[in-house]
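K.L.:
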Amino acid sequence: MKNQKAFLNLLAFLTVAVWGTTFASTKILLNVLTPAEIMFFRFLIAYIMLIIIYPKFHKITSFKEECIFLIAGITGGSLYFITENTALIYTLTSNVGLILATAPIITALLAHFFTKGEQLNKNLFIGFIVAISGVFLVIFNGNFILKLNPIGDILALAAALCWAIYSVSLKKISNKYNTIYITRKIFFYALITISPFLFFSSTKLNISNLFTFKLMFNLLFLGVIASGVCYVTWSYTINKLGVIKTNNYIYLIPIITLISSILILHEKVTTFSIIGAFLILLGVYTSEHGIKFSFSLTNQNSTKI
1 MKNQKAFLNL LAFLTVAVWG TTFASTKILL NVLTPAEIMF FRFLIAYIML IIIYPKFHKI
61 TSFKEECIFL IAGITGGSLY FITENTALIY TLTSNVGLIL ATAPIITALL AHFFTKGEQL
121 NKNLFIGFIV AISGVFLVIF NGNFILKLNP IGDILALAAA LCWAIYSVSL KKISNKYNTI
181 YITRKIFFYA LITISPFLFF SSTKLNISNL FTFKLMFNLL FLGVIASGVC YVTWSYTINK
241 LGVIKTNNYI YLIPIITLIS SILILHEKVT TFSIIGAFLI LLGVYTSEHG IKFSFSLTNQ
301 NSTKI
């Protein structure tokens with residue numbers, strides 16, 4: 001049991017570790033494709049891969065269940081990425097990153113009220129405060145300039161809410177079917193609901209560019225690994241580990257992004273980013289275990305937060 005829990009925590013960490021490195025691939029693809037085109041090809045590749053691995057279909061059992069799949073496809077796919085990418089147009093990237101980091105606490109609130117077995121506690125809120133402080137330090141990196149933009153910031157908050165709804169929806173169906181089948185069906189609805197955006201966005205697509213190694217490599221990475229594999233592992237960990245515990249790992253994405261930018265882009269490490277990374281790790285730990293302070297006076301006391 002202990003080994004299984006350790007494995008699930010490792011799986012959740014590896015999933016967000018991959019997601020934390022996707023920004024570089026997306027940035028490269030944006031030179032050739034629009035955000036809507038990137039999302040479409042990303043989910044199409046993932047869907048094809050998953051249908052090859054698990055070609056079995058199941059009959060629709062109820063309208064309610066199908067609605068949950070549709071909601072998961074919209075909130076975890078099309079609407080999430082549309083709101084996130086559009087937010088980047090209207091507000092600072094740092095604002096978007098900070099607001100998206102609220103997804104775990106929003107998820108925890110929704111999971112508490114709409115799912116069974118997901119409880120709120122003081123450690124969760126203390127961990128959120130500590131982790132979000134660390135996210136702030138990592139993202140702003142000493143340049144504490146917070147420029148509010150109502151449209152962009154609301155869209156970023158909508159993206160965080162989308163992810164929370166997706167996670168809760170996933171929990172409701174995660175134990176009914178094969179994990180690959182669930183993920184594949186979610187991608188199907190993501191593709192259907194994202195298709196209209198292709199017609200309303202000015203295309204940058206040149207067919208000849210699709211066959212270049214650089215473009216194909218990054219598309220396959222986003223489609224096969226970041227979507228096909230990672231969405232399956234995320235669904236599996238939510239089912240086995242729980243919505244709240246799994247989503248706490250989202251706090252680690254800024255650290256992964258920071259490390260990848262140091263290794264790939266050779267950016268410098270600052271004191272603020274080091275302190276921020278420490279606070280994020282402390283926040284994730286606190287959310288799960290709390291913090292114990294032990295001190296010795298005349299009589300030894302132990303205080304737990």
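Each residue of the sequence shown is one higher than the last, beginning at 1 in the UniProt record's numbering. Backbone N, C-alpha and C fix where the C-beta goes; we use that ideal spot for every residue, glycine too.
Quick test of the definition: if touching needs 3 or more C-beta pairs under 8 angstroms, does the region 122-130 touch the region 62-77?
P.N.:
No, because fewer than three Cβ pairs between the region 122-130 and the region 62-77 fall closer than 8 angstroms, the two stretches do not touch.
K.L.:
In this structure, does DSSP put Phe-199 in helix, strand or coil?
P.N.:
Phe-199: helix per DSSP, three-state reduction.
K.L.:
If I measure Cβ to Cβ from Ala-46 and keep anything under 6 angstroms in the same chain, skipping five residues before and after, which residues do I get?
P.N.:
Excluding residues within five positions, the ones whose Cβ falls inside 6 angstroms are Phe-187, Gly-223, Ser-227 and Gly-228.
K.L.:
Are the beta-carbon atoms belonging to Gly-20 and Ser-260 less than 8 angstroms from one another?
P.N.:
Yes, the pair counts as a contact, with Cβ atoms nearer than the cut-off.
K.L.:
Within 10 Å of its beta-carbon, does Val-269 have 16 or more other beta-carbons around it, so buried, or fewer, so exposed?
P.N.:
By the neighbour-count rule (16 or more Cβ atoms within 10 Å), Val-269 is not buried but exposed.
K.L.:
Classify Asn-299: buried if its beta carbon has 16 or more other beta carbons within 10 angstroms, exposed otherwise.
P.N.:
Any reading at Asn-299 needs caution, since the residue's pLDDT is 48, under 50, leaving its predicted position unreliable; the model's value is listed next. Asn-299 comes out exposed.
K.L.:
CB-CB under 8 angstroms to Val-168, same chain, minus the five flanking residues each way: which ones, in chain order?
P.N.:
Hits under 8 angstroms: Thr-107, Leu-110, Ala-111, Phe-114, Thr-115 and Val-243.
K.L.:
Which first and last residues belong to the alpha helix (DSSP H) in which Gln-119 is found?
P.N.:
Here Gln-119 belongs to no alpha helix (DSSP H), and DSSP marks it neither H nor E.
K.L.:
Quick one: residues in its chain with C-beta nearer than 6 angstroms to the C-beta of Lys-171, no 5 flanking neighbours on either side, listed in chain order?
P.N.:
Closer than 6 angstroms at the Cβ level, and outside the excluded window around Lys-171, lie Thr-115, Ile-238 and Val-243.
K.L.:
Figure out for me which residue from Thr-257, Ala-6, Ser-235 and Ser-25 has the closest Cα to the Cα of Ala-72.
P.N.:
Nearest of Thr-257, Ala-6, Ser-235 and Ser-25 to Ala-72, Cα basis: Ser-235.
K.L.:
Following the continuous alpha helix (DSSP H) through Asn-85, name the residue where it begins and the one where it ends.
P.N.:
Taken as a continuous stretch (DSSP letters only), the alpha helix (DSSP H) holding Asn-85 covers 79-90.
K.L.:
Are Ala-87 and Ala-156 touching if we call contact CB-CB under 8 angstroms?
P.N.:
Yes. Within cutoff.
K.L.:
Can you give me the start and stop residues for the alpha helix (DSSP H) that Ala-101 sits inside?
P.N.:
Counting along the chain, Ala-101 falls outside any alpha helix (DSSP H), and DSSP gives it neither H nor E.
K.L.:
Pro-150 lies in the alpha helix (DSSP H); which residues open and close that run?
P.N.:
Taken as a continuous stretch (DSSP letters only), the alpha helix (DSSP H) holding Pro-150 covers 150-173.
K.L.:
Given a cut-off of 8 angstroms, decide if Tyr-166 and Thr-75 are closer than it, judged by their beta-carbon atoms.
P.N.:
Yes. Within cutoff.
K.L.:
Work out the CA separation of Tyr-249 and Gly-276 for me, nearest whole Å.
P.N.:
Going by the C-alpha atoms only, they are around 15 angstroms apart.
K.L.:
Go ahead and pull the three-state DSSP assignment for Phe-69.
P.N.:
Phe-69 falls in the helix class under three-state DSSP.
K.L.:
Taking the CB atoms as reference points, tell me whether Ile-173 and Ile-180 lie closer together than 8 angstroms.
P.N.:
Not a contact, by the Cβ cut-off of 8 angstroms.
K.L.:
Let's see if you can read the secondary structure: which residues bound the alpha helix (DSSP H) around Ser-62?
P.N.:
Neither: Ser-62 is in no alpha helix (DSSP H) and is coded neither H nor E.
K.L.:
Look at the alpha carbon of Asn-218 and the alpha carbon of Ala-131, and state the distance between them as a whole number of angstroms.
P.N.:
Distance between the alpha carbons of Asn-218 and Ala-131: 30 angstroms.
K.L.:
Could you check the C-alpha separation between Tyr-54 and Phe-272 for me, to the nearest Å?
P.N.:
Their backbone Cα atoms lie some 46 angstroms apart in a straight line.
K.L.:
With DSSP collapsed to three states, give me the class of Lys-56.
P.N.:
Three-state result, Lys-56: coil.
K.L.:
Rounded to whole angstroms, what's the CA-CA distance from Ser-287 to Ile-280? Just pull it up for me.
P.N.:
Straight-line Cα distance between these residues: approximately 11 angstroms.
K.L.:
Classify Ser-302 as helix, strand or coil using the three-state DSSP reduction.
P.N.:
With a pLDDT of 46 at Ser-302, under the threshold of 50, the predicted position of this residue should be treated as unreliable, and no value is reported.
K.L.:
Between which residues of its own chain and Thr-91 is the CB-CB distance below 6 angstroms, once the five residues before and five after are set aside?
P.N.:
Asn-149, Gly-152 and Asp-153, listed in sequence order.
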